[in-house]
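Participant: Once you've had a glance at the structure underneath, I'll fire off some questions.
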Amino acid sequence: DTEVTQTPKHLVMGMTNKKSLKCEQHMGHRAMYWYKQKAKKPPELMFVYSYEKLSINESVPSRFSPECPNSSLLNLHLHALQPEDSALYLCASSHSPGNRGAGEKLFFGSGTQLSVL
Amino acid sequence: LAKTTQPISMDSYEGQEVNITCSHNNIATNDYITWYQQFPSQGPRFIIQGYKTKVTNEVASLFIPADRKSSTLSLPRVSLSDTAVYYCLVGDKAAGNKLTFGGGTRVLVKP
Chain R
1 DTEVTQTPKH
11 LVMGMTNKKS
21 LKCEQHMGHR
31 AMYWYKQKAK
41 KPPELMFVYS
51 YEKLSINESV
61 PSRFSPECPN
71 SSLLNLHLHA
81 LQPEDSALYL
91 CASSHSPGNR
101 GAGEKLFFGS
111 GTQLSVL
Chain Z
118 LAKTTQPISM
128 DSYEGQEVNI
138 TCSHNNIATN
148 DYITWYQQFP
158 SQGPRFIIQG
168 YKTKVTNEVA
178 SLFIPADRKS
188 STLSLPRVSL
198 SDTAVYYCLV
208 GDKAAGNKLT
218 FGGGTRVLVK
228 P
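Residue numbers (the working numbering), protein chains in the order written: chain R, 1 to 117; chain Z, 118 to 228.
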């Protein structure tokens, strides 16, 4: 199984809503990532989890709250978002953070297309 | 973190070879160079990765000169289905797995 599964595929929410994005992988990867991608732009790193611990937070606003319940799951909790937060949210995983002697190969899910009204 | 620069777009025709060059002037000693392909409304997909010289797999080749300040992704005999955005990514694990994409090159393959 070489897939990263993201749900839901599409999400429309109001600025007062609370919602969660979910990501799952069963490849035994110990690093998981959240990226945000606006139209016609490259993915921008938001968070990195290594061995279920948050290792990188790219100064993301607190209305985005990541969670890694176990090594296979990654959530992104959303609250009080703004219309400018509308984007494709991508989850990725890689084998082993800090694996010397080999570059990281990221496996991406298909993303959640989020619209904030 | 090494900063990458890629051409914004390239046009080609079916059956031709496409070469996309990425500049990464301040690449660190430990940085690997990775290329991804992305179709609309999908996540990026790994194409190829290298550290130096030449790497070839079933879909592409990656050429890296001795100074490693640039790299070239070569797609042989492209087809219409190769129309996509291609990203160069240079990552440094010493920076804590901070993997950041370059601007991407939009490749359009015409019939």
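Ideal Cβ placement from N, Cα and C applies to all residues, glycine included.
So, is the C-beta of P182/Z closer than 8 Å to a C-beta in chain R?
Facilitator: Position 65 of the second sequence, counted from the first residue, corresponds to residue 182/Z. Cβ-Cβ to chain R under 8 Å: no for P182/Z.
Participant: Taking only beta-carbon atoms, is L205/R less than 8 Å away from chain Z?
Facilitator: No statement about residue 205/R is possible, as the shown extent of chain R runs from 1 to 117 and does not include it.
Participant: Quick check: the Cα distance between V195/Z and S188/Z, rounded to an integer number of angstroms?
Facilitator: Against the second sequence, residue 195/Z aligns to sequence position 78. Against the second sequence, residue 188/Z aligns to sequence position 71. Distance between the alpha carbons of V195/Z and S188/Z: 19 Å.
Participant: Would Q159/Z pass as an interface residue toward chain R - the criterion being a Cβ-Cβ separation below 8 Å?
Facilitator: Counting from 1 along the second sequence, the entry for residue 159/Z is found at position 42. With 8 Å as the cut-off, Q159/Z counts as an interface residue toward chain R.
Participant: Please classify F156/Z as buried or exposed, where buried requires at least 16 neighbouring CB atoms within 10 angstroms.
Facilitator: Taking the first residue of the second sequence as position 1, residue 156/Z is located at position 39. Exposed.
Participant: Once you ignore the five residues that flank K169/Z on each side, which residues in its own chain have a CB closer than 8 Å to its CB?
Facilitator: Walking along the second sequence from the start, residue 169/Z turns up at place 52. Cβ neighbours of K169/Z beyond the five flanking positions: I181, A183 and R185.
Participant: Hey, H79/R and K18/R: beta-carbon distance below 8 Å or not?
Facilitator: Counted from its first residue, the first sequence places residue 79/R at position 79. Counted from its first residue, the first sequence places residue 18/R at position 18. Yes, Cβ-Cβ distance for H79/R and K18/R is below 8 Å.
Participant: Which residue marks the beginning of the beta strand (DSSP E) containing D128/Z, and which one marks its end?
Facilitator: For the purposes of this step, residue 128/Z is taken as residue 11 along the second sequence, with counting starting at 1. Start and end: S126 to Y130.
Participant: Contact criterion: CB-CB distance below 8 Å. Does Y130/Z meet it with respect to chain R?
Facilitator: Along the second sequence, one-based indexing puts residue 130/Z at 13. By this cut-off, Y130/Z is not an interface position.
Participant: Ends of the beta strand (DSSP E) at E67/R?
Facilitator: Residue 67/R sits at position 67 when you count from the first residue of the first sequence. Unbroken beta strand (DSSP E) run through E67/R: F64 to N70.
Participant: Along chain Z, in chain order, which residues have C-beta atoms closer than 7 Å to that of S110/R?
Facilitator: In the first sequence, residue 110/R corresponds to position 110, counting from 1. Correct list: Q159 and G160.
Participant: Quickly, what does DSSP pair Q133/Z with across the bridge? List them, please.
Facilitator: The residue you call residue 133/Z lines up with position 16 of the second sequence. Paired residues: none, contrary to the question.
Participant: So, are the CB atoms of S86/R and V116/R less than 8 Å apart?
Facilitator: Looking up residue 86/R in the first sequence gives position 86. Looking up residue 116/R in the first sequence gives position 116. Yes, they are a contact pair.
Participant: Less than 8 Å between the C-beta atoms of N75/R and P66/R, yes or no?
Facilitator: Taking the first sequence and counting its residues from 1, one reaches residue 75/R at position 75. Taking the first sequence and counting its residues from 1, one reaches residue 66/R at position 66. Yes; because the gap between Cβ atoms is below 8 Å, this pair is in contact.
Participant: Looking at the structure shown, is S96/R part of a helix, part of a strand, or coil, going by DSSP?
Facilitator: On the first sequence, residue 96/R is found 96 positions in, with the first residue counted as 1. It is coil, neither helix nor strand.
Participant: Nearest to T138/Z by CA position, among N147/Z, L206/Z and Y130/Z, is which residue?
Facilitator: Reading the second sequence from its first residue, position 21 is the one you call residue 138/Z. Of N147/Z, L206/Z and Y130/Z, the residue nearest in Cα terms is L206/Z.
Participant: For E104/R, does the three-state DSSP call read helix, strand or coil?
Facilitator: In the first sequence, the residue the question calls residue 104/R occupies position 104. It is coil, neither helix nor strand.
Participant: Exposed or buried, T112/R, counting other C-beta atoms within 10 Å across all chains shown (16 or more means buried)?
Facilitator: Here residue 112/R corresponds to residue number 112 of the first sequence, with the count starting at 1. With 16 or more other Cβ atoms within 10 Å, it is buried.
Participant: Would you mind sorting S158/Z into buried or exposed? The rule is 16 or more other CB atoms within 10 Å of its CB.
Facilitator: On the second sequence, residue 158/Z is found 41 positions in, with the first residue counted as 1. Exposed is the call here.
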